[in-house]
Every structure is written in C-alpha cells, then in structure tokens.
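Enquirer: Below: one structure in structure tokens.
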Amino acid sequence: MPEDVTRRNKLVQSFSVPKDVSRELAQDAEEATDVFAERKSDGSVIGSVDERRATKRQRQFDVIKEKMDRLEGNQASDALGDDITGGINEKSLEIRHRRDRTPTRREGNENRDRTPTRNEIRESTPTRSEVRDRTPSVADKDCIRRGRKRRLSDGENDGGRADDVEDTKERSGMVRHETKDIPIVMGIPLTRENLDRLLPPSFKIVPFPDDYKPLENLPPDISKFESFASTSSKLLALSDNSLVEQEKFDPKLIYNLPDMKDLQTFTELDFKIFGKLTTLKAKNIPALPPAEQLEIKCMKLILKIKNGTTNARKLAMRSLTDSSPTFGPELIFNIVLPLLSDPQLDEQGRHLLIKIITRVMFKLGDSIRPFTEKILIVTMPLLNDDNSMVRTEGRDVISKLTKVVGLYTMLTVLRPDLNNEDDYVRNMVAKAFAVIASSLGIQTLVPFLKAICHSKKDWVIRQTGLKIIQQISVLMGSAVLPYLNQLVRCIITNLEYEVPNIRIAAASAVSSLADASFPYGFESFEVLLKPLWKGLKIHKGKALAQFIRALGNLVPLMNAENASYYSFELLKIMRRECASVDDDMKRAILTIFEKICKPDLVEKRLIVESNIIEPFFKNFWARRIAMDKKFKNLCINACYALSLTIGSEEVILSILPSLKDESEPFRRMALEVSDRVLESLGSFDLDDKTITRLLNGLLYCFQHQTLDNKALNLIVLNGFANILNNLGIRSKEHIMPIISVLLYRLKNKDVGIREQAADFIARICGVLKICKEEDLLIRLGTILYESLGEVYPDVLGSILNALRCVILAVEKIELLNPPISQILSTLTPILKNRHEKVQEMNIPLIGDIAIRAQEYISHKEWMRISFELLEMLKAYKKSIRKSANKTFGLIAKVIGPADLLVVLLNNLKNQERQLRVCTAVALGIVADVCLPYTVLPALMNEYRYPDKNVQNGVLKALTFMFEYIGEVGSDYIYASTPLLLDALTDRDLVHRQIASSVVTNMALGSYGQGYEDAFINLLNLIWPNIFETSPHVITQVMDSIDSLGIVLGSGILLNYIWIGLFHPARKVRECYWKVFNNLYITQGHTMVQYYPRFEEVGPEPSSIQAEESTKESYTSFLIEELDLWI
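Letter by letter, the sequence shown follows residues 28 to 1153 of the numbering used here.
The structure is reproduced here in structure tokens:
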C-alpha cells in the first residue's frame, strides 16, 4: 500500500516530543535517587545535618546573588541608557544579554497560565516529512542557531533566505573570530576600544616579537585583575603598583594595617573588601581627601567590629553608631552588604554585621530608604534558617527596618516578588510580610491582603497572599483573634478557586489560623465549613491532605455536637486514606488523629464504629515510619491520644508483636508508646497474660539493643524501668528472669553494657522493695560490692548509685553481706577519685550510711572520712559541693563537734587559701548541725591569735555560720558584736570586707527580732567604708548597708544619707547617691513618710531676696530634721 494512503488511513496521529524536553527528562531521571535507598541501618538518612545545613545556606546565598544581580542590572540599565558608548558598566553587557535571552515575566506568566488547545497542538506539531525537509545540514546548525530571528516579508524568496543564512554565517564567524582570544574581566571584553577608555593616553600597544608563537590551548592569565575586583561592582583603575604586584592573599598584612593592632583574624574575604587598608600608611592618611579619610575610618571601625577583640569591638560599635550620621548610609552599607552576601562569611561575622545594621538603622532614619531592597535581600534568607537565634535576628532587622522606612516603602520593595517564579523567594516574602504585620499591626496590612488575595492579574499573587496569612498566624498566634473575620473573608473565595494551588494554600491558611486561635473563634470560621466540606469530597492527594488538616484543626473549636459529627466524618475519610503513600497525607492524618481522638471531642463508640483502628495500625505501625524521626513522634502521639479514648488494652495488644521485631527503631517506638500509655493510664485494664507478653517483649528489646547511641539507649532504659515501676506488685513473678539478665550483663566485657545494667538495678530497687524481695536485694548488694574494683569511672559511678539504692531499699541494714562497716571502709579510698560522676555518687552514699548505720561505724573511721570530705568542699561542680556539705554535717552530728573543732581550727593556720576556705565552710556546717554554742566560743578564742590568716578564717567561719543558722543567730548577736567591732575598725581591708559580710548575714537572719541597738552600732562603723575604692570591699559594704536598711528601716538610714546628697565634692555626692539609689530601688514605698517637710521652707526667693538672705543668718528656717535648700 502506498505511504500516503497509509498515513491517510491512520486514525490516531503520532506526536513527537521536543528534543530539549526529552533531554531534560532523561537528565532528571539520571540524577533522581531513591530516598530510602540512602538510609543507614539505624534509619537516619546518609548525609550529616551539617551537610544539609550547608546546602540550605548555599541556596540562601544563591538567592541573594541572583537578586543582587537583578538589582544591579536594573540600576545599570537606568544609568547606561540606550547608547552603550555613553559609559562602560561592569555588568551591563552581561545583564543586557541575559535580559534579551529571557522572556519577560508577563509573557512567561501568559504562556504558563494558558493551556493550548488540541487543534493548536496538532497545527504546531510538524509531520515527519516536514521535519526531514527542514532539518539543516550539520555545518549550518550552529550558524542558524546563533543567527537572530527575522520576519520574512511576502516578497522574499528562497534566494533571499539563503543570502541571509550566508550573512549569518559570516557574521557569526566574524564575531567568534574576534572574541575568541579576547579576555573578559567582570563582564567587559578588553577590546582595543575599551582599553583606550580605561587606560591613560600614554599607554601604547607593544608589538609581538618575531619569534612569538601563541599557544591555542592556554587561556589568558587574568588572575591579577580578578583578585582585586572591587565588590562595589565598579571597575577601578589601579594606580598603586603594590596592588598589582600582590597576587595572593597574605595574612601577615594584618600587622601592617594602621591603628589595627586589636584584630584577631584577617581572612581572604576581608582582603577583598578592606584591601584598600593594606596599602595605606599612618603618615599618609592625613594627606588624603576628606571623603577618603571618612571611608578609611568607616572601614577600620567595621573591620574592628568583625574581627577585633571583645573590648575593641564594643568601642568600635559605639563609635560607629554615634558617627553613622556622619558616614551616611551609602558608605556603611556599601561595606556591610557585600560582606553579608558572600558565602565565605561565618556565623559569628554574620551576627556582628547584622548587629551593625540594627544599631545604625534608627540613627540614619529615612536616609536608608534607597538601601531598603538591598537590606531585605541579605536579611530575608535568615528567616528560613534552621537556627532559631538566626531567625530571631532576621525578624528583628526587618521589624526595625519597617519602623524606620514605613509601610509604603516596604510594600514598594516587596511587591515585585509577590509573583516571583521561585517558590523559595515567595516563601521568604510571605515571612517578611508576617514580620511587618507583627511590627506595625495586622490592621495595617488587611487592605493589602484583601487586594492581593482577590487579585485577577496572576494566581501566583493570590497564593503568596494566602501564604502571608498563614505566616502571620504562625508568628503571632492568638494575636490574630481581633482580625479573624477580615482574614477569613480574604480566604473564603479562594477555597473554591479554579487553580488547585490556590485551594491548597487557602486550606493551609485556614489550618494555621484555626491552630493559632484555639480554643476561640469558631463563629468566624463557621462560614468556611461548607467549602471545606465540599473540598473534602472533590480533592485527592496533597490537596485533600490540606483540607483534612484545615477541618481537623477546626474541630477542637466546635461545640460538643458539631465536634462529634465532624470528627466521625473525618475518621471515615482518614480510614479511606490510611493506605496513601503520600507523605503529606500521612502527616496530616497523624496530626489530626491526635487532635480529634480526645475524650471531650469524640466518644469511644464513634471510633469503634468508624473502623479506623485496624487500618491505622496496619498502615502506620510499620518499620518505615519508625525510620523517620518526625513520623515516629507523630505516630507515638497519635497512639497515645487513641489510648486516652479507647483505653490502654487495645493499643498495647496492637503493638506487642513489635517489641520482638527485627528492626531496632521499630522496637524502640513500641517501647515508647507502652511507656507513655502505662504511665498515664496504668495497668488496670491489662490481664496477666498481656503483662507476661509485655515483659517478655521488653526484655527482648532490652537484650537486643545496640549501644552505639547513649541517648537512644537511655530511652530503652527509662521506658523499661518506668513500666516495671508502674506494674508494681504485678511484676513479682517476672523479677527473677529480669535480675538474671541484669547480673549476666553486669559481668559483660563491654563497658556500656555494664554501665546500663548498673543503672537499671538502681531504677528497679523500689520495685524489689514493693515485692518484698529482701533476699534478692541483699544478694544484689553483695554482687555490687564485689564490683567496686571497676576500672572505668562511668561504670563505677553507676555501680555506686545502684549500691546506694540497694542500701536505702533494704529494711534491716545489719543483714547486709558484707557488713556495712566493711562497705564504708571500701568507699573511703574511692573519695580520692576525682571523676565527677564517682564523687557525685559516692558522697551521698556515705551520707546515707551515716544516717542509717551510724552505730556500726567506729569513731576513727568517721574522722578519716571527714578529713577526706574536706577536700570535696572545693570541688568545681556545685552539686558535689552541696552533697559534701550535707554529708559533712551528718558526720559531725554522729561524732560530735569536739574532735572536729581541734583539727579544723588548726587548718586555719595553713598557708593554702583554698584549704582555709573549706575549713571555714566546715565550721559553719558544724555550727549549724551541733548548734552555735558549741563552736562560737572556740572561734572567738581563736580570733585572739595574732595572725591575719587565722582571723580572716574565723570571720569567714562566722559568715557561713550566720548564713546557715538563719533566725537562730539572733541569740548570738550581742556575743559576736565585740569581735565585729574590732574587725570593722581594723586597718586591713580584708578584715572590714569579711566583717561586713558577717553583718549582712546576721542582719538578714535577725529581721524583726528587736536588736536594732546592736545594728546601729555596727552601722556607725560600716558607714565610713562607703568611700572605699576597692571593688570587693565596696560590694560587701553596700550589701551590708542594704541588709541593715531592711532591719533598721529606711528612716534611720535616710538620716545618714541626707547630709551627703548635696555635698560640694562630686566624689562624696556619688557615694551617697549610690546608697540612696539602692535604698530607693529596694524600699522606695517606705521612704515617703521620711521625706523632709519642704513646705516650711517657703517659696523660692527672688534674686534680690537671695542677696539679702546672704547677709542674714540661716537660723530663720524652722526645720529641725534638716538644713537643706532646694
């Protein structure tokens, strides 16, 4: 049959895919990777968090670079005009070429939005013969591709077309031949014409030597020009020869910078921006023009802020903030913004540069409006950062910028990006608008939101408007309640819009608004129920997931009747979608399932009738869910919420088989659910068979765990121990197999296994006590005692903790084997172990033995232990010092103060300061435990010893004693006063400092006890010390005066203050005003009644009366309390 007849009889036409489309699809298929094929054995995705964070940050800088190029391109085109010969801009050629190649935004939007008809597709697709006829030769492909499209008139023929092709060949070949070996620097080809404009007239072209033969394969070396390219996007003629000679960055140049000795680093990025400073000398700076001097000063300040020491940074920041109006915004931002847009900038440098923008913003005021767009370009990507502190910084900058430049400027700058092609940029713009709303109030943006949410120009603008509403609700929370009606009106028409993306964004906005307004605002959302319900019936996939999320977030806002109805309907829809493979659908189902499965929203009957339990566990209780951390947490929360409604038995029975699964993350997820359910609901609904299966599964999970991650192992340990404690007496039958496993693991070679076994024994000792397993506890005590020779300190600390729990759980301490005295003698050498965990566990254990078995230990052994504990009082960790403090007091109570005092008072004569401080603390503890009358006479007697160290030690001991005993110290005020009088009148500053501290603690413990006469006496001796300049002394003196003000009242203290507030000497006035300000802050409400009666002074005299009053005496003023003139 002929070919044309065959083609004519063909009922279905064949359409060919364009080559560029097929090439892109093939490339995407090659680059596509399976996400779950790149997972490790523990479920984590290959690629560290740092790598993903670096990728995200690189994306941010790509957006910054693209927007900066676009902004500079617009400025270049405005400055360049239509005539390129009017001046050469650095990137004008590149931007113009890019602009000519890229279709306009309007054309792109029209082409994207308009769907071609079938006839148009048929007409636009050529047949095979036409394609074969049109196909050019291989030699002409490149020429035709490079030639510009020309519209042919009706009179042109094939010959004319051939001439055009030849002209195109020649033109393209000529251009290619001319530009083949011409270097291009920053977008400018270094042709002869351009070089004539850039270089002075004295430069001439040197001819090539006769024997010169250029190499075709080597490009020209233009590294010298590129390394000194200015970041301000302007090609500068380099007149200094030193810059041309310097080819590479040299860190040693930092030492040659004038007045820059406080810099810590000087990187290659700094060299690009501040390279001008490396060529300057201090003696040449005054000869420069004023504008350059100002620029150099600004550069120095910014460089000190970025790389200087802490003090230099503070001074430079203050100087730059104060001088910012002088520098102007252009000078500051031309340095700061290029630094912020560079990917080499580290996080600390970014933080400091953002702080510069924040500080100078209010100083510069409206003058920063021309730089608003550039500031937003470098700060908006911070809103998408993973670090919450970085996001807070970005919001802070945008908020302050909004307050400075106003709403109109921000709208003008951000409006072009509302329909940006990049979804990442639109998300940033939405978050920026949310920050603007939080700064100026939502009411200022409501008219704008109404306009863009009903825009008919482009559906992308509507989508961005809905995203803005979503971000406002996320950022501001319940602050959207007053404007809920207006925001709902912006959304309601978009729920039924023809574009699916708009409906998805509208449902997402409703979800966020409902979540933010919980538990109020259902009246405003009631108009959305009908379109949401309709959307649930007509949508599938991701759109359905957003509608489920929207209606599910509205359910908690409803009354009981509506909530029950819509919950039941949603459960039926979610049951149908449980088998979906879409991650968004899974996430929506788990989130909403957790919210609606609450006893106050839905009854157990409705959940059972919806038949969702079986498909829920079938599709969501799987290994794949356990691999993903976010899905795992959502699934655990959903199971817990389900157990609150239907009870614990059905949930536990559903997850029991998972406890013996091969996948460890899956077993761990089942254990976490069991722990939460039993901790909240108890085990009353579980029968004995279920408990047996549960404990067998938990034991299997405990034995087959890997010890690579301590945090994950702690989850298993805590979960198993919590379940045993919740079961209580019901676990008695299963204790022996568990203990056998623990004892076997306690002798394991692996360090982590031994440590975990000891920790688990410590957790379940309470269960053994409830089950009355006394013999088992004693046996455990013996085995743990035998393990005290452990080499590894972490394991030894866990063994000591387990031994302490066993001793506390045993009812009869004398039944322990070995006896408690032998255990204590073994613990004493362990006190010398300096590992923090060992000390933290050993010291409380000795204290518990002192409480329970004091009569079984000899007096000499307690003395030995007390001296070992003395060293623990100077431990670095506070918890160790507190436990040593408590244990020392318990030992002192056991053996009495007499023997301890002899040794402690002798320690005061030691030359080591740290030992004397620990001794003073110990004396305070003994006084607290054995009452002060046993210690105070010995201390007062020891104070007579003529040694400064001993006297200081006694005063320190009195400080700790009065701090510990509190109100009991009021009985010893009169006894201690003579000693304090001597100390407060001593010439030694340290004596007066420590004595002031003693008075502070004494006064605070004796408030309202009636010892004002003694405290007035002490105040008379403390008051002259307010003029001391030593920081330690003046701090203690001010604290003692504040405490005496509490005891004596503000009236007595004001009598001391009035006389110096208006003293002629400034330094005297400063001291008195400092005391007055402290008193005003602490007791301002009590000072009013003690103010002087100024009305008796009379009106302010005129100048004549003042001159006459100088001749008279001042005895006419009838004020008895004060002699003041105000």
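The C-beta atom is built at its ideal place from N, Cα and C for all residues, glycine as well.
This one's a predicted model, so the numbers in the text were calculated from it and none came from an experiment.
Would you call the CB atoms of L982 and A1022 closer than 9 Å?
Expert: Going by C-beta atoms, L982 is nearer than 9 Å to A1022.
Enquirer: What would DSSP say about L290, mapped onto helix, strand or coil?
Expert: If DSSP states are grouped into helix, strand and coil, L290 belongs with the strands.
Enquirer: Quick one: what's got a C-beta closer than 7 Å to F1042's C-beta in the same chain, skipping five residues either side?
Expert: Once the five neighbours on either side are set aside, the close Cβ partners of F1042 are A1030, L1071, V1074 and L1075.
Enquirer: Between the region 738–758 and the region 704–720, can you find at least three pairs of beta-carbon atoms closer than 8 Å?
Expert: They touch, by the three-pair rule.
Enquirer: Mapping DSSP to helix, strand and coil, what is G335?
Expert: DSSP places G335 in strand when its eight states are reduced to three.
Enquirer: Taking C-beta to C-beta, are V1060 and N1052 nearer than 9 Å?
Expert: Yes. Within cutoff.
Enquirer: Kindly identify the DSSP beta-bridge partner or partners of I211.
Expert: DSSP output for I211 lists P216 as bridge partner(s).
Enquirer: Under 8 Å, with one C-beta from each stretch per pair, do the region 444–458 and the region 484–493 reach the 3-pair mark?
Expert: Yes: the two stretches touch, three or more of their Cβ pairs being nearer than 8 Å.
Enquirer: In whole angstroms, give me the CA-to-CA distance for K796 and L963.
Expert: So the two alpha carbons sit approximately 44 Å from each other.
Enquirer: Identify, in the order they occur along the chain, each residue of the same chain with its Cβ nearer than 7 Å to the Cβ of R891, setting aside the five sequence neighbours on each side.
Expert: Excluding sequence neighbours, R891 sits near T855.
Enquirer: Give me the residue from P365, K324, T336 and E357 with the minimum Cα distance to T347.
Expert: Checking the sequence, you will find Leu at residue 347 rather than Thr. It is K324.
Enquirer: By how many angstroms is the C-alpha of L698 removed from the C-alpha of A478?
Expert: Cα-Cα distance, rounded: 52 Å.
Enquirer: Between which two residues does the alpha helix (DSSP H) containing N775 stretch?
Expert: Unbroken run through N775: none, as it is neither H nor E.
Enquirer: Would you report the Cα separation of F1054 and E939, rounded to the nearest angstrom?
Expert: When rounded, the distance between both Cα atoms is 31 Å.
Enquirer: At the level of alpha carbons, what is the spacing between S710 and A541?
Expert: Their Cα atoms are separated by approximately 36 Å.
Enquirer: Whose C-beta lies closer than 7 Å to the C-beta of Q881 among residues of the same chain, with five residues either side of it excluded?
Expert: Around Q881: V921.
Enquirer: In angstroms, rounded to a whole number, what distance separates the CA positions of K288 and T305?
Expert: Taking the straight line from one Cα to the other gives about 13 Å.
Enquirer: Please report the distance separating the alpha-carbon of P764 from that of Y727.
Expert: The straight-line gap from Cα to Cα measures roughly 11 Å.
Enquirer: Can you check whether the C-beta of L508 is within less than 9 Å of a C-beta belonging to chain D?
Expert: Structure shown: chain D not included; a single protein chain is present.
Enquirer: Assign E969 to one of two classes, buried (16 or more other C-beta atoms within 10 Å of its C-beta) or exposed (fewer than that).
Expert: E969 comes out buried.
Enquirer: Exposed or buried, what is Q978 when buried is set at 16 or more other beta-carbons lying within 10 Å of its beta-carbon?
Expert: When all chains shown are included, Q978 counts as buried.
Enquirer: For N753, collect the residues of the same chain with a Cβ closer than 8 Å to its Cβ; drop the 5 residues on either side in sequence, then sort them by chain order.
Expert: The answer, listed in chain order, is L705, E706, G709 and S710.
Enquirer: At 4 residues or longer, what runs of the alpha helix (DSSP H) sit wholly inside the region 849–920?
Expert: List check, alpha helix (DSSP H) in window: 863–879 and 886–899.
Enquirer: For the alpha helix (DSSP H) holding G562, just list the boundary residues, first then last.
Expert: Unbroken alpha helix (DSSP H) run through G562: L556 to I565.
Enquirer: Measure the CB-CB distance between I652 and V700 and report whether it falls below 9 Å.
Expert: No, these two residues do not count as a Cβ contact at 9 Å.
Enquirer: State the Cα-Cα distance for the pair K427 and K401, rounded to the nearest angstrom.
Expert: For K427 and K401, the distance between alpha carbons rounds to 15 Å.
Enquirer: Go to K631, then tell me how far its alpha helix (DSSP H) extends in each direction, as first and last residue.
Expert: K631 to S637 is the span of the alpha helix (DSSP H), which, as asked, contains K631.
Enquirer: Is the distance from the Cβ of Y547 to the Cβ of S505 below 9 Å?
Expert: Their beta carbons are under 9 Å apart, which means Y547 touches S505 by this criterion.
Enquirer: Mind reading off the beta-carbon distance from N512 to S551? Whole number of angstroms is fine, and I expect it under 8 Å.
Expert: Sure, about 5 Å apart at Cβ, within 8 Å.
Enquirer: Check this for me: beta carbons of A984 and A1010, under 9 Å apart or not?
Expert: Contact: no.
Enquirer: Could you check whether K687 and N723 sit closer than 9 Å to each other, using their CB atoms as the reference points?
Expert: Against a cut-off of 9 Å, the Cβ pair of K687 and N723 comes out as a contact.
Enquirer: Using the Cα positions of T436 and D393, report the straight-line distance between them to the nearest angstrom.
Expert: In a straight line, the C-alpha of T436 is about 10 Å away from that of D393.
Enquirer: In its own chain, which residues sit with a C-beta less than 7 Å from the C-beta of S852, not counting the 5 before and 5 after it?
Expert: Excluding positions up to five away in sequence, the list reads E888.
Enquirer: Could you work out which residue in R614, V837 and F398 is closest to E357 when comparing CA atoms only?
Expert: Of the candidates R614, V837 and F398, the one whose C-alpha sits nearest the C-alpha of E357 is F398.
Enquirer: To the nearest angstrom, how far is the alpha carbon of A543 from that of V456?
Expert: Answer to the nearest angstrom: the Cα atoms are 21 Å apart.
Enquirer: Got a sec? Which residues, its chain only, sit under 8 Å from S591 by beta carbon, not counting five neighbours each side?
Expert: Hits under 8 Å: L628, V629, E630 and L633.
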